[in-house]
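Each remark here refers to the structure printed beneath this line.
Protein chains in written order, with the working numbering: chain Y, 849 to 1082; chain V, 1119 to 1334.
What follows is the structure in C-alpha cells.
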C-alpha cells in the first residue's frame, strides 16, 4: 500500500473533529511538522488539546494556532519565548499542563506501547507530585504517571518510503518517534520520498505500522531560534 | 574578590572526570565546556537527543536540524549519536549520566533545589530540569550567593516551588563551595579574599565548616 498523500489537507481528511487531542513532534522549531500545522489552521478545527514539548513561537509552528484560538489546552514541558501564549494564558483563555520533559516523552512512549502507567522519581517532592500515587521501591519514592494517547499524531521526519517507514535527521528526531506510536492516526511530513528498498531495513527509525499516511513538503522553512556560531581561526 | 561567571564555570569544570557523560544546563553551566581540563575527556549530552555535542558550528556549517537543549545551533563530533527524547530521558532517569551542572534560584540546606518558577510571574516550564536532578548521579548547582537585593539564596528551606527535593550534591556560588552529605552541607572552599564571617552573614542555611577548608 502506498501511504503517500498528495497534500496536507488530503492527509487530514476525515480525521479532524472539534475537541480532539493532537500530538505534535518537535523541540523548539526543530523537527516540527510545519505544513501539517498550517493545514490544521486552515481546517478550522477548534478546542484542540495539544500535546507537544513547546508551543512554537509567535508566528511559526504551533504558535499560529494560538492566533486563531484553536487551542484549548497545551500539555508541554516548556512554553517560554511565545508572547501570544503568555497573553492568552494570563487571561485564562488557555489551559496549560506542565509535564517534566522526560515524563512527557515517557508518557507518549507508554501510551503508544499499551502501558497504562509507570512509576518515576522525576517530580517527587514538587508540585508535579501533588495528587499522584506515591510508592516505594527499594527504599526510594516514586510517583505514578499515566500513558498518553492522541486522536491524531503529527510528526516530522526526514525521509519516508511508500510503506511509511521513517528516518529522522539529527536532533530533529526528538519527540517524533514516540509520538508516532501514540496516535490513533499518525500522519508524517517528510522532506524526501524514497522508493521501496532504498532504506536499509536496519536503519529505519519508525516502522511503517505506526504511520497511516505521509506528505512530502517542499522548501521547509526550518527557522533557527538561536543562531550561535564560532569564527574560523587562521 | 568573588568569583566571576567564568571563574565559577572554571571551578565547576574541576568536577569533571575523564570518561564522564555530562549534561550542562543553560546559562553559566554552558560556559563549563570552555574549561574542560586538557587531560580530561567528557562526552556532553543534550537532552533533546544527542550525545557527543560539539562546539558552535562555523557560520557555513549551521544546520537547523542540529540544536542543543537551549535551542542554539551546534555541531557534531566523530563519536556523536542521536536518539529520541524518550531514549534521552531513559539515559538521564536511568542513572547513566554521571554529572549534571545546573543553575538555581534557591538551594536549601537539605539539598532541595528551586530553579523553575516564581509564583505570580509567567511560568515558562521546567523543561528537563526535574528529570535531570532526579536521575543524574551527581548534581552540581551553580548560583550567585545572594539575590540582587542582598538577600540569601542558600536557605534553611526554599520558599520557591521545588525542582527536586534533596538532590544537590555540590553547590558552587560566587563566594564559596558547599558539599552535601547526609545531614548538613559542609563549606569546603572560599573564593579569593572571602572569609568565613562574610559567608555566615550572607547564608541562611546551617552548614558545617570543613577542617580542610580551602582558601583561594
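Even for Gly, the Cβ is constructed at its ideal location relative to N, Cα and C.
Q: Determine the DSSP secondary structure at residue 1248 of chain V, reduced to helix, strand or coil.
A: helix
Q) What residues from the segment 1039-1060 of chain Y come within 9 Å of chain V, judged by C-beta to C-beta, listed N to C? A) 1053
Q | Rounded separation between residue 1270 of chain V and residue 1323 of chain V - CA only | A | 9 Å
Q: May I have the straight-line CA-CA distance separating residue 1319 of chain V from residue 1232 of chain V, to the nearest angstrom?
A: 22 Å
Q.
Along the segment 1205-1223 of chain V, where does the CB come closer than 9 Å to a CB of chain Y? Name the residues.
A. 1205, 1206, 1207, 1208, 1210, 1211
Q: Closer than 7 Å by beta-carbon distance: list the chain Y residues that pair up with residue 1166 of chain V, in chain order.
A: Within 7 Å Cβ-Cβ: 875, 1019, 1022.
**Q.** Inter-residue Cα distance where the pair is residue 1055 of chain Y and residue 1004 of chain Y
**A.** 14 Å
**Q.** Contacting positions in the segment 1231-1252 of chain V - beta carbon closer than 7 Å to chain Y
**A.** Cβ contacts with chain Y come from 1240, 1242, 1243, 1244, 1245, 1246, 1248, 1249, 1252.
Q. Quick one: any contact between the segment 940-952 of chain Y and the segment 1194-1214 of chain V, if contact means 3 or more CB pairs under 8 Å?
A. yes
Q. Between which two residues does the beta strand (DSSP E) carrying residue 872 of chain Y extend?
A. 869-872
**Q.** Of the listed residues V/1126, V/1168, V/1268, nearest to residue 1193 of chain V (C-alpha basis)
**A.** Among V/1126, V/1168, V/1268, the Cα nearest to that of residue 1193 of chain V is on V/1168.
Q | Top-ranked residue by Cα proximity to residue 927 of chain Y, from Y/942, Y/918, Y/916 | A | Y/942
**Q.** Alpha-carbon to alpha-carbon, residue 1036 of chain Y and residue 1024 of chain Y
**A.** A direct Cα-Cα distance of roughly 9 Å separates residue 1024 of chain Y from residue 1036 of chain Y.
Q.
Pairs of beta-carbons, one from the segment 1065-1078 of chain Y and one from the segment 886-896 of chain Y, closer than 8 Å: are there three or more?
A. no
Q) Per the contact definition of three or more C-beta pairs closer than 8 Å, is the segment 870-878 of chain Y in contact with the segment 1007-1025 of chain Y? A) yes
Q. What number of angstroms, rounded off, separates the C-alpha of residue 1043 of chain Y from the C-alpha of residue 1189 of chain V?
A. Going by the C-alpha atoms only, they are around 33 Å apart.
Q: Figure out for me which residue from Y/1039, Y/955, Y/1060, Y/1013 has the closest Cα to the Cα of residue 1050 of chain Y.
A: Y/1013
**Q.** Buried or exposed by the 16-neighbour rule on C-beta atoms within 10 Å, applied to residue 1342 of chain V
**A.** Chain V is shown from 1119 up to 1334; residue 1342 of chain V falls before or after that span and cannot be answered.
Q. Can you list, in chain order, the stretches of the beta strand (DSSP E) that have 3 or more residues and sit fully within the segment 1273-1319 of chain V?
A. 1288-1290, 1294-1298, 1303-1308
Q) Using the rule of at least 16 other Cβ atoms within 10 Å of the residue's Cβ for burial, across every protein chain shown, is residue 1236 of chain V buried or exposed? A) exposed
Q.
Measuring straight from C-alpha to C-alpha, what distance separates residue 925 of chain Y and residue 963 of chain Y?
A. Going by the C-alpha atoms only, they are around 21 Å apart.
Q) Nearest to residue 1288 of chain V by alpha carbon, out of V/1164, V/1222, V/1214, V/1136? A) V/1222
Q: State the beta-bridge partners of residue 1171 of chain V as determined by DSSP.
A: V/1194
Q) With 16 other CB atoms within 10 Å as the buried threshold, where does residue 1211 of chain V fall? A) Its Cβ being crowded by 16 or more others within 10 Å, residue 1211 of chain V is buried.
Q | Delimiting residues of the alpha helix (DSSP H) encompassing residue 858 of chain Y | A | 856-859
Q) Considering only C-alpha positions, which residue in the set V/1307, V/1160, V/1217 is nearest to residue 1198 of chain V? A) V/1160
**Q.** Segment limits, beta strand (DSSP E) that includes residue 1053 of chain Y
**A.** Element bounds for residue 1053 of chain Y: n/a, residue is neither H nor E.
**Q.** chain V contact for residue 953 of chain Y (CB, 9 Å cutoff)
**A.** yes
Q) Mind checking if residue 1154 of chain V is an interface residue toward chain Y, Cβ cutoff 9 Å exclusive? A) no
**Q.** Helix, strand or coil at residue 925 of chain Y according to DSSP, with G and I counted as helix
**A.** Residue 925 of chain Y: coil per DSSP, three-state reduction.
**Q.** Beta-carbon neighbours of residue 1200 of chain V, restricted to chain A and to distances below 7 Å
**A.** Here the protein chains are Y and V, and chain A is not one of them.
Q.
Since residue 1225 of chain V and residue 1261 of chain V should fall inside the 8 Å C-beta cutoff, what is the C-beta to C-beta distance between them, to a whole number of angstroms?
A. 7 Å
Q: Work out the CA separation of residue 923 of chain Y and residue 1176 of chain V for me, nearest whole Å.
A: 36 Å
Q: Specify, as a first and last residue, the run of the alpha helix (DSSP H) that residue 1182 of chain V falls within.
A: No alpha helix (DSSP H) holds residue 1182 of chain V; DSSP gives it neither H nor E.
Q: Would you please state the rounded distance, in angstroms, between the beta carbons of residue 913 of chain Y and residue 877 of chain Y? I believe it to be under 8 Å.
A: 14 Å between Cβ atoms; not a contact.
Q) Under 9 Å between C-beta atoms, does residue 1185 of chain V make it to chain Y? A) Residue 1185 of chain V counts as touching chain Y.
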